[in-house]
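One structure is given below, encoded as structure tokens.
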Amino acid sequence: MSDRAVQDALIRALADAPFRASAEWRQRELANEARLDRFARFLARHYYYERLVHFYRYSRALARVTGRAPEGVLGAAGFDRLLPAIVLGSRDSGVAVAELVTAHLAGGRVSSIRYHDDLLQYQRAMMVVESGARVWRDGSSAADPGSRRSLPVTVEGTMLLELQHDMPAVLPLLLRDWSDVPEAPAQRTTLLIARSTHGRVSVARTTATITTVLALADGRTTLDELARDAGLRPAELDATLQGLVDIGAVRFSTGS
Amino acid sequence: MPKPMVGAFYNPHLGRDLAAGTGIDHLAMADPPRGDDPWWPAIRDRYTLLLHDYLGQLSEPLDEPAIQRARSLAVLYRTPWVAEHFQCLHTEDGNYNLNYVFPPLYTEEFLDRFVANANTLKQRLDQPLVMENIPGFFDVAASTIPEAVWLRRFFDRTEVGFLLDLPHIWLEAHYHDAEPHVFLRDFPLERVVEVHVAGVEEDRDLEGPWIAPTAPSDAMLDFMAYAVQRCPGVRAVTFDAFSPTLTSDVLFSSVARIRRTLGN
Numbered sequence: 002m003s004d005r006a007v008q009d010a011l012i013r014a015l016a017d018a019p020f021r022a023s024a025e026w027r028q029r030e031l032a033n034e035a036r037l038d039r040f041a042r043f044l045a046r047h048y049y050y051e052r053l054v055h056f057y058r059y060s061r062a063l064a065r066v067t068g069r070a071p072e073g074v075l076g077a078a079g080f081d082r083l084l085p086a087i088v089l090g091s092r093d094s095g096v097a098v099a100e101l102v103t104a105h106l107a108g109g110r111v112s113s114i115r116y117h118d119d120l121l122q123y124q125r126a127m128m129v130v131e132s133g134a135r136v137w138r139d140g141s142s143a144a145d146p147g148s149r150r151s152l153p154v155t156v157e158g159t160m161l162l163e164l165q166h167d168m169p170a171v172l173p174l175l176l177r178d179w180s181d182v183p184e185a186p187a188q189r190t191t192l193l194i195a196r197s198t199h200g201r202v203s204v205a206r207t208t209a210t211i212t213t214v215l216a217l218a219d220g221r222t223t224l225d226e227l228a229r230d231a232g233l234r235p236a237e238l239d240a241t242l243q244g245l246v247d248i249g250a251v252r253f254s255t256g257s
Numbered sequence: 004m005p006k007p008m009v010g011a012f013y014n015p016h017l018g019r020d021l022a023a024g025t026g027i028d029h030l031a032m033a034d035p036p037r038g039d040d041p042w043w044p045a046i047r048d049r050y051t052l053l054l055h056d057y058l059g060q061l062s063e064p065l066d067e068p069a070i071q072r073a074r075s076l077a078v079l080y081r082t083p084w085v086a087e088h089f090q091c092l093h094t095e096d097g098n099y100n101l102n103y104v105f106p107p108l109y110t111e112e113f114l115d116r117f118v119a120n121a122n123t124l125k126q127r128l129d130q131p132l133v134m135e136n137i138p139g140f141f142d143v144a145a146s147t148i149p150e151a152v153w154l155r156r157f158f159d160r161t162e163v164g165f166l167l168d169l170p171h172i173w174l175e176a177h178y179h180d181a182e183p184h185v186f187l188r189d190f191p192l193e194r195v196v197e198v199h200v201a202g203v204e205e206d207r208d209l210e211g212p213w214i215a216p217t218a219p220s221d222a223m224l225d226f227m228a229y230a231v232q233r234c235p236g237v238r239a240v241t242f243d244a245f246s247p248t249l250t251s252d253v254l255f256s257s258v259a260r261i262r263r264t265l266g267n
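Line by line, the protein sequences give chains A and B.
The first sequence begins at 2 in my numbering and counts up one residue at a time.
The second sequence begins at 4 in my numbering and counts up one residue at a time.
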């Protein structure tokens, strides 16, 4: 085994709590288990602290009204109970931590913030979509699934969010100086949230046409069928698909 | 020996204070400026900026987009040098990532990897490259070379600069029951270009001290003074705190104490 492979096993042991507890890892005896376990817990708290501070920054800005800062959940017993199952960066762990912080924030003084439920949905979606393995460098062994062009397929994890308020209108205002909590227009809004293979999360307002394209892009529907059912001309479909590929919402399947 | 610059990290939530503040010579940039940061133009005009972003990990070659990103950030900041870390924090397949600095195994194989990839990166940059030491909280049985020896051999083969993170040294000494001043002497101090200083606090998970966005202790500042005297090429000393919980008072008072301790 190469030293690089040993380093990979060490990184996995720190990131993946079930692997760290396994006989497969423990029989390697690469490091003091108690020390490694403590460092893994430290890393887990740090990993999700970084994400909560970033993805829940709007709730952080509202903390003086709600009385709840998102990162406060990391010091509580609920997060400790998650630790034995946490795999840093995995979708399941991302969902578990997002649900924990969402429940924590929902219990704050939020009655005066009419769009608070939408805000929690939005932030939860951002954090969950960001999770999952990614390509760290071009040419690495993690293949870029968009590289071969055949039939379009909506990328797993891409989310369509149906909100009752126009959240993009209020989010920037929350990060500025304010004395009264900024209001959000009560207006039904659909947002598309997607992640590129390199981990960049994008948000876009979406239309019924894009929603249709995403619903139909299953890796089996042909471009002609997609264009017909979405009511798009071929050139319009091409441009729409390219935009969706660019933000990571759609990839082209390799076929079968 | 010319007196080194004394500075801190750019913390965007303190942008207003930093844009108007005094007593700081430079700011290290851990992240690119956000497009909606109102203080960024003033910061860029006012300060010497040091590129200290995550560029990649030199256990593998940086790919072309990463090199181009480093080059463009270097131009944006007009940085006098580019910093990278002795780190290997994600697996080769991208499935596991620690999202926190973590050192490589100190072995011949990793030495060859870091030397080759640092030499390649150095050739693609228009500014000198400096490399920062990373602390280990525990020893790994597969490491075969003492860290200080490994670093010395790396610098001999690349001739890049050394960004000496003193709290990292202090923590390693602490967790090895060693005296930090003695522990430090084995490191290649003649290569040092920049020194990092920070505060440490007890961490509940580690059950011991670790880096924190807090003021450096008097003991840490004394350690800094001891180290800087032994680093003939040092050009900058940076208060290494980058966190949304860092306060303006801690940042400015820490820089002022560093300056007083160094006598400049």
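Ideal placement from N, C-alpha and C gives every residue a C-beta, glycine not left out.
DSSP places B/Pro247 outside both helix and strand once states are collapsed to three, so it counts as coil. Of the candidates B/Ser75, B/Leu209 and B/Ile27, the residue whose Cα lies closest to the Cα of B/Phe12 is B/Ile27. B/Pro36 sits buried, since 16 or more C-beta atoms from the chains shown fall within 10 Å of its C-beta.
In the three-state scheme derived from DSSP, where H, G and I count as helix and E and B as strand, B/Phe190 is classed as coil. In this structure, A/Arg69 and A/Thr103 do not form a Cβ contact; the two beta carbons are roughly 11 Å apart against a cut-off of 8 Å. Only Phe140, Phe141, Asp142, Val143, Ala144 and Ala145 from the stretch 130 to 150 of chain B bring a Cβ to less than 8 Å from some Cβ of chain A. In the structure shown, A/Leu193 falls within a strand segment according to DSSP collapsed to helix, strand and coil. In the DSSP assignment, B/Ile148 falls outside any beta strand (DSSP E), carrying neither H nor E. Around the Cβ of A/Asp38, a 10 Å sphere holds 16 or more other Cβ atoms; the residue is buried.
Under the DSSP assignment, A/Val102 falls in the alpha helix (DSSP H) whose first and last residues are Arg92 to Ala107. Annotation for A/Glu237: the continuous alpha helix (DSSP H) segment containing it runs Pro235 to Ile248. A Cβ-Cβ contact shorter than 8 Å links A/Ala228 with A/Arg234.
In this structure, the alpha-carbon of A/Glu34 lies about 14 Å from that of A/Pro19. Annotation: the continuous alpha helix (DSSP H) that includes A/Leu217 extends over Ala209 to Leu217. Nearest in C-alpha terms to B/Tyr109, of all of B/Ala73, B/Asn98 and B/Gln90, is B/Gln90. For B/Trp213, the three-state secondary structure derived from DSSP is strand. A/Val88 has its alpha-carbon roughly 11 Å from the corresponding atom of A/Tyr48. At a Cβ-Cβ threshold of 8 Å, B/Asn136 and B/Leu61 do not count as neighbours. In this structure, DSSP gives A/Ala18 a helical state, which the three-state scheme calls helix. A direct Cα-Cα distance of roughly 15 Å separates A/Ala185 from A/Glu163. Shown here, B/Val104 sits in coil according to DSSP, grouped into three states, outside any helix or strand. Comparing C-alpha distances from B/Val240 to each of B/Thr161, B/Tyr229, B/Ala23 and B/Leu17 shows the shortest one belongs to B/Tyr229. Taking 8 Å as the cut-off, the Cβ atoms of B/Phe165 and B/Val185 do not count as close. Between A/Arg13 and B/Thr250 the beta-carbon gap is near 37 Å, outside 8 Å, which marks them as no contact.
A Cβ-Cβ distance of about 7 Å is found for the pair A/Val156 and A/Ala195, placing them in contact under the 8 Å criterion. Inter-residue distance for A/His117 and A/Val111 is about 7 Å (C-alpha atoms, whole angstroms). Rounded to the nearest whole angstrom, the C-alpha separation of A/Ala97 and A/Ala77 is 14 Å. Distances from the CA of A/Ser151 to each of A/Val246, A/Arg206 and A/Asp17 were compared; the closest alpha carbon is that of A/Val246. Around the CB of B/His179, fewer than 16 other CB atoms lie within 10 Å, so the residue is classed as exposed. Counting along the chain, the unbroken beta strand (DSSP E) around B/Met32 starts and ends at His29 to Met32.
Taken atom to atom, the span from the alpha-carbon of B/Arg49 to that of B/Leu21 is near 10 Å.
Interface criterion not met: the Cβ of A/Gln165 is under 8 Å from no Cβ in chain B. At a cut-off of 8 Å between C-beta atoms, A/Asp93 does not count as an interface residue with respect to chain B. Here the alpha carbon of B/Gly18 sits roughly 8 Å from the alpha carbon of B/Pro41. B/Pro107 belongs to the set of residues whose beta carbon lies under 8 Å from a beta carbon in chain A. DSSP places A/Gly79 in the helix class (H, G or I) of the three-state scheme.
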